[in-house]
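Chemist:
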Amino acid sequence: MSPLLQNVTALVALASCLLLALGLALAIDWRWGEPRAAWHPVVAMGRYLEACGRIVSSLPPAPAFVSGALAWWLGVVVVGALAGGLQVLALAQLGRLVAAPSPHTVLAALLVLLLMGWVLKTLLSWRMLHDEAGAVEAALRQSLAAGRERLSWLVSRNTALLSESEVRESAIESLAENLNDSVVAPIFWFVLFGLPGAAIYRFANTADAMWGYRGTHRGQHWEWAGKWAARADDVLSWLPARLTAGLLAGVARGLPPAALRWEAAKTPSPNSGWPMAAMALALGVSLRKPGIYTLNAAGRPPLPEDTALAQRYASKTVFALVLSAKTAIFLIAIGLGWGLTP
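In terms of our numbering, the sequence shown is residues 1250 to 1591.
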C-alpha cells in the first residue's frame, strides 16, 4: 500500500471512529443516563481536584497560584494521555479489522469502540440536564419548598428564600448554561481533537467548578489557587459558548445579534451569559440573579410552560449540534485527505 493510500485510510478510520463514538455516546446517554459514581471518570477527576485543592488553597498567594497551575497541568496531561491512548487503541483495532476481517477483529473493534463511546458519554451529559430542569418544575407543582429543594441539587446559590418565579428562572438559567458546559463544549472539542479534546475540556470545566471562586468558598481560599483553572476554562469555553448561543438563536428562528451581545455582556462570566441571554430572548422572559444581573429586563417572568419550551429549544439545539458535528468531522477528513493528494 502506498504512503498516500495509507494516510487516506487512516483518515477514514479516524473519521469513522469519531462518528461511531459520538453516536454511541449520545445513545448511551439517552438510554441509561449517568453511570454510578464509582465508574464515572469525572467523579475521579473531582476526587483528584478535591485532594489537590485542600493543599493549594492553604498556601500564600504566589505558591497557591503556581501550585494550582501545576496541579491543573498534571491533571490535563494524565487525562489527555489516557483518552489519547484509548483513541489510538480504537484506531488500531479498526485498522486490524480493515486489514484482516474476521470474527475476532470484528469483536475486538466493537468492544473498543463501545468503550470509547461510553467514555465520551461520561464527558457529556444531556439526558440528566434535560430531566433535572423538568424535575424542578414538577417539584414546584407540589410546593414552593419542594421546588427550592430540587433546585438546590442544580445550583450553588442559596435557594431557601427564592420565590416561585426565581426558582423557575434559576432552573432555566442552569439548563442554558450547562447546555454549553455539558453538551456543546465537550462535543466541540471532540470534533477538533477527538477523545483527548473532550476529556481535557471536561477536566478544565470541572476544575473551574471546584476551584474557580473569587475569595473564600466553604472555608477555602481560591482567589489565587483557582485563578489558573478559572482562566483556562474561560479560554476553552469562549467559542463553544457563542456557538451555543448561535444554535439557540437558530432553533428560535433568529434573535437580534445586537440584543444578544448586549444581554450576554451583563454577566460577570465572559461566557455563561451567551447561552443564558439567548434562552431569555428566545423565550421572551427575564432571567435574574438578584444583585448581579438581569437578562432581558423587558421580558416577563417565566411561566410553567416556559420550562417545557426551554427544554424543547435545548433539545433542538442538541440535534442541530450533532448534525453539525458529524458534518464537520466528515469535512475535516475530506479536507485533510485533499491536502495529502499530490
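For every residue, glycine included, the Cβ atom is placed at its ideal position computed from N, Cα and C.
For clarity, every value in this text was computed on a predicted model and none was experimentally measured.
On the criterion of 16 or more Cβ atoms from any shown chain inside 10 Å, does residue 1275 qualify as buried, or is it exposed?
Modeler: One-based indexing of the sequence shown puts residue 1275 at position 26. Buried, because 16 or more other Cβ atoms sit within 10 Å of the Cβ of residue 1275.
Chemist: Name the one or two DSSP bridge partners that residue 1493 has.
Modeler: Along the sequence shown, read from residue 1 onward, the residue named residue 1493 stands at position 244. Paired residue(s): none; residue 1493 is not in a bridge.
Chemist: Do residue 1280 and residue 1372 have their beta-carbon atoms positioned less than 7 Å apart in this structure?
Modeler: Numbered from its first residue, the sequence shown carries residue 1372 at position 123. Numbered from its first residue, the sequence shown carries residue 1280 at position 31. No. Outside cutoff.
Chemist: Look at the alpha carbon of residue 1384 and the alpha carbon of residue 1347, and state the distance between them as a whole number of angstroms.
Modeler: Sequence index remark: in the sequence shown, residue 1384 carries index 135 (1-based). Sequence index remark: in the sequence shown, residue 1347 carries index 98 (1-based). The straight-line gap from Cα to Cα measures roughly 46 Å.
Chemist: Between the Cα of residue 1386 and those of 1517, 1583, 1359 and 1557, spot the shortest distance and give me the residue it belongs to.
Modeler: The sequence position of residue 1386 within the sequence shown is 137, counting from 1. Among 1517, 1583, 1359 and 1557, the Cα nearest to that of residue 1386 belongs to 1557.
Chemist: Quick one: residues in its chain with C-beta nearer than 7 Å to the C-beta of residue 1321, no 5 flanking neighbours on either side, listed in chain order?
Modeler: The sequence position of residue 1321 within the sequence shown is 72, counting from 1. For residue 1321, where only same-chain residues beyond five positions count, the Cβ hits under 7 Å are 1456, 1477, 1478 and 1481.
Chemist: Any chance the region 1571–1581 sits against the region 1434–1448, with 3 or more Cβ pairs inside 8 Å?
Modeler: As far as the Cβ criterion goes, the region 1571–1581 touches the region 1434–1448, which means the pair count is three or higher.
Chemist: According to the neighbour-count rule (16 or more other Cβ atoms, all chains shown, within 10 Å of its Cβ), is residue 1263 buried or exposed?
Modeler: As a position in the sequence shown, residue 1263 is number 14, starting the count at 1. Residue 1263 should be labelled buried.
Chemist: Name the one or two DSSP bridge partners that residue 1470 has.
Modeler: Position 221 of the sequence shown, counting from 1, holds the residue named residue 1470. Residue 1470 pairs with 1465.
Chemist: Compare the beta carbon distance of residue 1433 and residue 1489 with 7 Å and say whether it is the shorter of the two.
Modeler: Residue numbering aside, residue 1433 sits at position 184 when the sequence shown is read from its first letter. Residue numbering aside, residue 1489 sits at position 240 when the sequence shown is read from its first letter. Their beta carbons are under 7 Å apart, which means residue 1433 touches residue 1489 by this criterion.
Chemist: Counting beta carbon pairs with one atom in the region 1387–1404 and one in the region 1420–1434, are three or more of them shorter than 8 Å?
Modeler: yes
Chemist: Between residue 1544 and residue 1420, what straight-line distance do the alpha-carbon atoms span, to the nearest angstrom?
Modeler: Locating residue 1544 in the sequence shown gives position 295, where the first residue counts as 1. Locating residue 1420 in the sequence shown gives position 171, where the first residue counts as 1. Each residue's Cα considered, the two are about 14 Å apart.
Chemist: Can you list, in chain order, the residues of its chain whose CB lies under 7 Å from that of residue 1530, leaving out five sequence neighbours each side?
Modeler: As a first step, residue 1530 must be located in the sequence shown, where it is residue number 281. 1504, 1508, 1509, 1512 and 1545.
Chemist: In whole angstroms, what separates the C-alpha of residue 1269 from that of residue 1559?
Modeler: Counted from its first residue, the sequence shown places residue 1269 at position 20. Counted from its first residue, the sequence shown places residue 1559 at position 310. Each residue's Cα considered, the two are about 29 Å apart.
Chemist: In the DSSP output, what is residue 1538 paired with across the bridge?
Modeler: Residue 1538 sits at position 289 when you count from the first residue of the sequence shown. Partner(s): 1542.
Chemist: Could you say if the region 1491–1501 and the region 1457–1475 meet the contact criterion of at least three C-beta pairs nearer than 8 Å?
Modeler: no
Chemist: Relative to the C-alpha of residue 1462, which residue among 1302, 1286 and 1409 is closest?
Modeler: Reading the sequence shown from its first residue, position 213 is the one you call residue 1462. Checked all of 1302, 1286 and 1409; the closest Cα to residue 1462 is 1302.
Chemist: Would you report the Cα separation of residue 1250 and residue 1339, rounded to the nearest angstrom?
Modeler: Taking the first residue of the sequence shown as position 1, residue 1250 is located at position 1. Taking the first residue of the sequence shown as position 1, residue 1339 is located at position 90. Note on residue 1250: pLDDT 49, under 50, position unreliable in the model; the coordinate value appears next. Approximately 21 Å, taken between the alpha carbons.
Chemist: Which word fits residue 1313, buried or exposed, when buried means at least 16 other C-beta atoms lie within 10 angstroms of its C-beta?
Modeler: If you number the sequence shown from 1, residue 1313 lands on position 64. Counting Cβ neighbours within 10 Å, residue 1313 comes out buried, since at least 16 surround it.
Chemist: Skipping 5 residues on each side, what residues in its chain have a beta carbon closer than 8 Å to that of residue 1564?
Modeler: Mapped onto the sequence shown, residue 1564 falls at position 315. Here the set comprises 1379.
Chemist: For residue 1285, list the residues DSSP reports as bridge partners.
Modeler: In the sequence shown, residue 1285 corresponds to position 36, counting from 1. Answer by DSSP bridge pairing: none, since residue 1285 is not bridged.
Chemist: Counting only runs that start and end within the region 1257–1329, where is the alpha helix (DSSP H) found for 4 or more residues in a row?
Modeler: 1290–1305
Chemist: Count the other CB atoms within 10 Å of the CB of residue 1464; is the residue buried (16 or more) or exposed (fewer)?
Modeler: Start at 1 with the first residue of the sequence shown, and residue 1464 comes out as number 215. By the neighbour-count criterion, in which a residue is buried when 16 or more other Cβ atoms sit within 10 angstroms of its Cβ, residue 1464 is exposed.
Chemist: What do you get for residue 1392, buried or exposed, if any count of 16 or more other CB atoms within 10 angstroms of its CB means buried?
Modeler: Your numbering for residue 1392 matches position 143 in the sequence shown. Flag for residue 1392 reads exposed.
Chemist: Specify the secondary structure class of residue 1349 as computed by DSSP and reduced to three states.
Modeler: Working through the sequence shown from its first residue, we reach residue 1349 at position 100. Reduced to three states, the DSSP call for residue 1349 is coil.
Chemist: Which of helix, strand or coil does DSSP assign to residue 1502?
Modeler: Mapped onto the sequence shown, residue 1502 falls at position 253. Coil at residue 1502, not helix or strand.
Chemist: How many Å lie between residue 1547 and residue 1566 at the Cα?
Modeler: Here residue 1547 is taken as the residue at index 298 of the sequence shown, counted from 1. Here residue 1566 is taken as the residue at index 317 of the sequence shown, counted from 1. If I take the Cα positions, the gap works out to 25 Å.
Chemist: Do residue 1431 and residue 1374 have their C-beta atoms within less than 7 Å of each other?
Modeler: Indexing the sequence shown from 1 puts residue 1431 at position 182. Indexing the sequence shown from 1 puts residue 1374 at position 125. Cβ distance < 7 Å, so residue 1431 and residue 1374 count as in contact.
Chemist: Rank 1580, 1581 and 1568 by C-alpha distance to the C-alpha of residue 1219 and give the top, closest one.
Modeler: Lying outside 1250 to 1591, the shown extent of the chain, residue 1219 is not represented and no answer is given.
Chemist: Determine the direct distance from the alpha carbon of residue 1580 to that of residue 1293, and round the result to whole angstroms.
Modeler: Here residue 1293 refers to the residue found at position 44 when the sequence shown is read from its first residue. Here residue 1580 refers to the residue found at position 331 when the sequence shown is read from its first residue. Going from the Cα of residue 1293 to the Cα of residue 1580 covers about 34 Å.
Chemist: Starting from residue 1434, trace the alpha helix (DSSP H) in both directions and tell me its first and last residue.
Modeler: In the sequence shown, counting from the first residue as 1, residue 1434 sits at position 185. Residue 1434 -> alpha helix (DSSP H) spans 1434–1460.
Chemist: Taking only three categories from DSSP, how would you classify residue 1561?
Modeler: As a working note, residue 1561 is residue 312 in the sequence shown. Helix at residue 1561.
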